[in-house]
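**Student:**
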Amino acid sequence: MTTAPGSEQSASDRTPSTAAPTDTTAPAPTPAPLHWEADVLLRDGRTAHVRPIVPEDAELLVSFYARVSDRSKYYRFFSPMPTLSARDVRRFTEVDHVSRVALVMLLQGQMIAVGRFEGLGDGEAEVAFLVEDRHQGRGIAQLLLEHLAAAGRERGLERFTAEVLPDNHRMIQTFRDAGYRVASGYEDGVLTLEFPIDATDTAIGVMRGREQRAEAASIERFFNPRSVAVIGASRRQDTIGQQLVRNLVTGDFTGRVYVVNPSAGAVSGLPAYQSVGDIPDEVDVAIVAVPAEAVTDVVLDCAAKGVHGLVVISSGFAETGEEGRQRQRHLVGLSRSYGLRLIGPNCLGIINTDPAVSVNASLSSVMPPRGRAGFFCQSGALGSAILEKVQNRGLGLSTFVSAGNRADVSGNDLLQYWEEDDSTEVVLLYLESIGNPRKFSRIARRVSLRKPIVAVRSGRSTQGVPMGHTVRRIGAPPQAVDAMFRQAGVIQVDTLEEMFDVAQLLAHQPLPRGRRVAIVGNSDALGLLAADAAAPVGLEVTRAVALGADAGAEDFEDAIDAAIDDPEVDAVMAVYIPPLNVSGEDVANVLAAVGEQSDKPLVSTFLGAEGVPELLRVPDVAGSTAGRGSVPSYPAVESAVRALARVVDYAVWLRTPDGPPPDPAQSDEPAARAVVRRALQADPDGVNLGEDALRELLAAYGIDLWPVRRVATLDEARDAAQDLGWAAGHDVVLKATAEPLRERPDLAHVWRNIADADEMATAWGSLAHSVNSVAEPDFVVQRTAQPGVPVSIRSIEDPLFGPVVSFGIAGPVIELLSDLSYRIPPLGERDARAMVREVKSSPMLFGYRGAEAVDVALIEQLIGQVSQLQLDFPEVASLELGLVVVGADHLSVLTATARVQRVATPRSDLYARRMPDLPGDTGQS
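With my numbering applied, the sequence shown corresponds to residues 685 to 1609, in that order.
1. Specify whether the segment 1122 to 1135 and the segment 1206 to 1215 touch according to this definition: at least 3 beta carbon pairs, one from each stretch, less than 8 Å apart.
2. Tell me the rounded alpha-carbon separation between His1414 and Pro1496.
3. Quick check on Val734: does DSSP put it in helix, strand or coil?
4. Between Leu725 and Arg1598, what straight-line distance do the alpha-carbon atoms span, to the nearest angstrom?
5. Is the Cβ-Cβ distance between Val1359 and Glu1375 less than 9 Å?
6. Hey, how far is the Cα of His1192 from the Cα of Arg1521?
7. Could you give the DSSP three-state label for Lys1284: helix, strand or coil?
8. Under the three-state reduction of DSSP, which class applies to Phe844: helix, strand or coil?
9. I believe Val1489 touches Pro1509 by the beta-carbon criterion, under 8 Å. Please report the beta-carbon distance rounded to the nearest angstrom.
10. Quick one: using the 10 Å Cβ neighbour count with 16 as the cut-off for buried, is Asn1456 buried or exposed?
11. Would you tell me roughly how many angstroms separate the C-alpha atoms of Val890 and Gly863, rounded to the nearest one?
12. Please determine if the segment 1093 to 1106 and the segment 1045 to 1057 are in contact, where contact requires at least 3 C-beta pairs separated by less than 8 Å.
13. Only counting the same chain, and skipping five residues up and downstream in sequence, which positions put a Cβ closer than 6 Å to that of Asp1352?
14. Taking Cβ positions, are Ala898 and Asp728 nearer each other than 9 Å?
15. Could you give the distance in angstroms between the alpha-carbon of Thr709 and the alpha-carbon of Phe1463?
16. Within a Cβ cutoff of 7 Å, which residues of the same chain sit near Thr1309, ignoring the five residues on either side of it in sequence?
17. Could you tell me if Phe1530 is buried or exposed, where buried requires 16 or more neighbouring beta carbons within 10 angstroms of its beta carbon?
18. Please report the Cβ distance between Leu1112 and Phe1169, rounded to the nearest whole angstrom; I am assuming they are in contact, meaning their Cβ atoms lie under 8 Å.
19. Excluding sequence positions up to five away, which residues of its chain have a Cβ less than 6 Å from the Cβ of Thr767?
20. Go ahead and pull the three-state DSSP assignment for Ile1244.
21. Could you check what DSSP says for Trp1435 in three-state terms: helix, strand or coil?
22. Quick check on DSSP: helix, strand or coil for Met1183?
23. Determine the contact status of Gly1571 and Thr1579, defining contact as a CB-CB distance below 9 Å.
24. Grouping DSSP H, G and I as helix and E and B as strand, with all else coil, what is Asp707?
25. Just mark Pro1121 as buried or exposed, buried being the case when its beta carbon has 16 or more other beta carbons within 10 Å.
26. Taking three-plus beta-carbon pairs below 8 Å as touching, is the segment 808 to 828 in contact with the segment 756 to 771?
27. Spatial neighbours of Gly1064 within its chain, please: C-beta separation below 7 Å, excluding the five flanking residues on both sides.
28. Please list, in chain order, all residues of the same chain as Pro705 whose beta carbon is under 7 Å from its beta carbon, the five residues on each side excluded.
29. Quick check: what's the CA-CA separation for Arg818 versus Arg894?
30. Does DSSP put Arg1056 in a helix, in a strand, or in coil?
31. Let me know the secondary structure DSSP gives Gln1466 once reduced to three states.
32. Please classify Tyr942 as buried or exposed, where buried requires at least 16 neighbouring CB atoms within 10 angstroms.
33. Short check: CB of Tyr1532 to CB of Met1519, under 9 Å?
34. Using the beta-carbon count (16 or more within 10 Å), is Gly805 buried or exposed?
35. Should the segment 1438 to 1454 be regarded as contacting the segment 1471 to 1480, the criterion being three or more beta carbon pairs within less than 8 Å?
36. With distances taken from CA atoms, which of Ala1320, Ala809, Phe1124 is nearest Gln896?
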């Protein structure tokens, strides 16, 4: 990437200046926010580090500038500037991090790029970059622009300008490709570019597209190495180093295998090298199996050699305790600082079954058959068992990763890779923790639209984090995590067995169009069991054919063909249990032939077999174990029905349009921001919004909060009633709002339909007597709402998830039963619609026991408004619309509370690409 001129000094100060030095009595600069520092992935999948510049960088800056070509310097400053004066260095490294901001990119301890902006006033700043020539073309200027724009928005900037020479085509294209609306002008031989830096959908889309390509590129290097070095290879049998070498060789790896063992001349017939640096050829991936305390030296050797990635099999890291956690943190930081990505430590390894590569860089002696599923597993201990299970079922995998402690490479990286991998049609995830659930949700939503994701998540009931996983514990309730999976289209299952049940159906059969199922079999008892299992999981048996125990292949063929041709059938289940000990080959041939040709899924319980039996497979031209159209078999009909139901749910999700999020034009974000800003200026430590501020905040998003007035005496109650209701001909309500009295099921704390002063006196006396056990009943007066169903909508800002929205019928009983639905904004129409219908008490909204049905569209609209407010304002720590009454044609928001507080750590999906922070950092894990 060539450089863009701009304000490395300022628009009028691009050459060394002879002005007097800066006043040393100037106030100290504002410290840069901690979250401005981040590890990043470059276009080629290698890592680097971005942070704010500091005065101590003077020596690094001089060294960096000396390596930059004269041409790049000319593009930057519009004139020859071979060296930097002492004043130039001081000015470039001493910034205030407010109106003058500079970020540097570091690699292997050296500065390789600098980007900066300098405020011009009126929300505008001039931006500039300088990138070392040998690192140009790696997307560095694009990354720095993203981070500078994010910093500029935090500092209240609205626009960037840049002055570029007309022949500096690459930098001009950098700005135009960023997704911003770029306007240009030309004067005195200089092109001036100007663009707003607001995070538009286009700019965010461009950034996330680059994120996906960079993360996929970093994983692609692991799966398609041309050479692999085993560091710690051993001559002794039954050792990890020996096993790794043996698996690479016997797995028919098509690349070169090198072994590193300083005390051996050869290992398994391969010459051994003293260190990775002694290997005469390039090394793409290093498999590390040395003691934990020696891994740091290996990282340095691999960085010097130019290795692309590390797979650390070694244990002795975070899974062992605090000392190991510190060792792991150092390992990851060191690897990233030298541009290396890392899988592990304490992992099983990686596998790619593509015949063009055929790499088994793992401890498993099982090389799974070629298939369509990619598998990510966090548990090294379970990895071998999983691979054996895959082989026994005949499922087949495209690629496999056991990430162990998952210190660097995570499931999110694999999702980014598998999204574009043509050989992977199904994604399988075994997750023990989720380090960045918000990013996972965002990526999974996108990937699920192209290929199904099946996930098992351990620790669901406790939200626990296994030893070795240096991530924060999820604070959101388990229901919110489950909702995140559903919202993203992820098929969440409870066990590994169920995962494989679902995967073998997805990998070989088409998706069903609906929930209607035909059951064809030669066992009445099993047919009834299948029908009984179907209803509870949402399937509808519309056709049941009992062929009899002596049914043959022709009978099955006729019955299955008729079921597939039936427009009232979306999927077919075949049950074959012969009365005699026969192979059933004739029936198997029928099932395989129909399964290959049908556009409706066919599942079976064939001889009680599990997986994809040889007899039910069809050939695959791509070399997979079983081709598309092969028929999966299940040992029990209940397993088949359950797997089919999971796939049906995914198919329904896929075919249900999400719909657009709430229209931003319907909200007044600046007005809401003014409310939040005033509140935090008055109370920097956070504050519960008062009634007026809360009403103003909600009104900015189209939410009308009914006025309410607190009263301490009967006279105050009468005055409030006159103002809020009687003057306009409306009744009022008097209610006690103290916590022990709120939302009592018997409504003894509420007196409704008060029409005049006498009725108010009666109500006051009665309520004061009935709630006399509470010292401060906190009486309020409000206009009486029309009858309806009470609901509540809440939102919170979770440290890991970001915004979380919940919905439920209002009342303490519902809360005790946790009958709530959750979603993670942004929400589309599909999400809001599902939230209303997911709660078990939802029949109350649809005319339960003859009651009038309410206008659920109004509830869905309100959910969308709340979710958009919470999405826009992470400063809103919590928002609760505690009592919303909805009827057939009306919705009234009667009570609400909100708390705002400063955001200590920005959300994990900042509008600038960054890798997960290292364990112990203040940012996101």
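Just so you know, even glycine gets a beta-carbon here, dropped at the ideal spot from N, CA and C.
**Tutor:** The structure says:
1. They do not touch, by the three-pair rule.
2. Residue 1414 sits at position 730 when you count from the first residue of the sequence shown. Residue 1496 sits at position 812 when you count from the first residue of the sequence shown. Approximately 29 Å, taken between the alpha carbons.
3. Within the sequence shown, residue 734 is the residue found at index 50, counting from 1. When secondary structure is reduced to three states using DSSP, Val734 falls in the strand class.
4. As a first step, residue 725 is located in the sequence shown; it is residue number 41 there, counting from the start. As a first step, residue 1598 is located in the sequence shown; it is residue number 914 there, counting from the start. Going by the C-alpha atoms only, they are around 7 Å apart.
5. By 1-based counting over the sequence shown, the position of residue 1359 is 675. By 1-based counting over the sequence shown, the position of residue 1375 is 691. Going by C-beta atoms, Val1359 is not nearer than 9 Å to Glu1375.
6. Residue numbering aside, residue 1192 sits at position 508 when the sequence shown is read from its first letter. Residue numbering aside, residue 1521 sits at position 837 when the sequence shown is read from its first letter. Each residue's alpha carbon lies about 32 Å from the other.
7. For the purposes of this step, residue 1284 is taken as the residue at position 600 of the sequence shown. Collapsing the DSSP output to three states places Lys1284 in coil.
8. Here residue 844 refers to the residue found at position 160 when the sequence shown is read from its first residue. The answer is strand: DSSP assigns Phe844 an E or B state.
9. Against the sequence shown, residue 1489 aligns to sequence position 805. Against the sequence shown, residue 1509 aligns to sequence position 825. Between Val1489 and Pro1509, the beta carbon gap of about 6 Å places them in contact (Cβ cut-off 8 Å).
10. As a working mapping, residue 1456 is identified with position 772 in the sequence shown. Classification for Asn1456: exposed.
11. The sequence position of residue 890 within the sequence shown is 206, counting from 1. The sequence position of residue 863 within the sequence shown is 179, counting from 1. When rounded, the separation of the alpha-carbon atoms in Val890 and Gly863 is 6 Å.
12. With a cut-off of 8 Å on Cβ pairs, the segment 1093 to 1106 is not in contact with the segment 1045 to 1057, counting fewer than three such pairs.
13. Locating residue 1352 in the sequence shown gives position 668, where the first residue counts as 1. For Asp1352, where only same-chain residues beyond five positions count, the Cβ hits under 6 Å are Ala1384.
14. In the sequence shown, residue 898 corresponds to position 214, counting from 1. In the sequence shown, residue 728 corresponds to position 44, counting from 1. Yes, they are a contact pair.
15. In the sequence shown, the residue the question calls residue 709 occupies position 25. In the sequence shown, the residue the question calls residue 1463 occupies position 779. With a pLDDT of only 47 at Thr709, under the threshold of 50, the placement of this residue in the model should not be trusted; the figure read from the coordinates follows. The alpha-carbon atoms of Thr709 and Phe1463 are separated by roughly 58 Å.
16. Position 625 of the sequence shown, counting from 1, holds the residue named residue 1309. Cβ within range, chain order: Pro1053, Arg1054, Gly1055, Gly1078, Gly1080.
17. What you label residue 1530 is simply residue 846 of the sequence shown in a count that begins at 1. With fewer than 16 other Cβ atoms within 10 Å, it is exposed.
18. For the purposes of this step, residue 1112 is taken as the residue at position 428 of the sequence shown. For the purposes of this step, residue 1169 is taken as the residue at position 485 of the sequence shown. Separation of the CB atoms of Leu1112 and Phe1169 is rounded to 14 Å, and the pair is thereby denied contact status at 8 Å.
19. Residue numbering aside, residue 767 sits at position 83 when the sequence shown is read from its first letter. Result list for Thr767: empty, nothing under 6 Å.
20. Taking the first residue of the sequence shown as position 1, residue 1244 is located at position 560. Three-state DSSP puts Ile1244 in a helix.
21. Stepping through the sequence shown from its first residue, residue 1435 is reached at position 751. DSSP places Trp1435 in strand when its eight states are reduced to three.
22. What you label residue 1183 is simply residue 499 of the sequence shown in a count that begins at 1. Reduced to three states, the DSSP call for Met1183 is helix.
23. As a position in the sequence shown, residue 1571 is number 887, starting the count at 1. As a position in the sequence shown, residue 1579 is number 895, starting the count at 1. Cβ atoms of Gly1571 and Thr1579: not closer than 9 Å.
24. By 1-based counting over the sequence shown, the position of residue 707 is 23. Any reading at Asp707 needs caution, since the residue's pLDDT is 46, under 50, leaving its predicted position unreliable; the model's value is listed next. Asp707 falls in the coil class under three-state DSSP.
25. One-based indexing of the sequence shown puts residue 1121 at position 437. Counting Cβ neighbours within 10 Å, Pro1121 comes out buried, since at least 16 surround it.
26. Three or more pairs of CB atoms, one per stretch, sit closer than 8 Å, so the segment 808 to 828 contacts the segment 756 to 771.
27. Your numbering for residue 1064 matches position 380 in the sequence shown. The answer, listed in chain order, is Asn1030, Cys1031, Leu1032, Ser1086, Gly1088.
28. Taking the first residue of the sequence shown as 1, we reach residue 705 at position 21. The pLDDT assigned to Pro705 is 41, lower than 50, so where the model puts this residue is not dependable, and the model offers no usable value.
29. Translated into positions along the sequence shown, residue 818 becomes position 134. Translated into positions along the sequence shown, residue 894 becomes position 210. Between the alpha carbons of Arg818 and Arg894 lies a distance of about 21 Å.
30. For the purposes of this step, residue 1056 is taken as residue 372 along the sequence shown, with counting starting at 1. In the three-state reduction of the DSSP assignment, Arg1056 falls in the strand class, which pools E and B.
31. Position 782 of the sequence shown, counted from the start, is the residue given in the question as residue 1466. Three-state DSSP puts Gln1466 in a strand.
32. For the purposes of this step, residue 942 is identified with residue 258 of the sequence shown, where counting begins at 1. By the neighbour-count definition (other C-beta atoms within 10 Å, threshold 16), Tyr942 is a buried residue.
33. Looking up residue 1532 in the sequence shown gives position 848. Looking up residue 1519 in the sequence shown gives position 835. In this structure, Tyr1532 lies away from Met1519, with their beta-carbon atoms at least 9 Å apart.
34. Residue mapping note: residue 805 aligns to position 121 of the sequence shown, counting from 1. Here Gly805 is exposed. Its C-beta has fewer than 16 other C-beta atoms within 10 Å.
35. Here the segment 1438 to 1454 does not lie against the segment 1471 to 1480, with fewer than 3 beta-carbon pairs under 8 Å apart.
36. Numbered from 1 along the sequence shown, position 212 holds the residue referred to as residue 896. Of Ala1320, Ala809, Phe1124, the smallest CA-CA separation from Gln896 is found for Phe1124.
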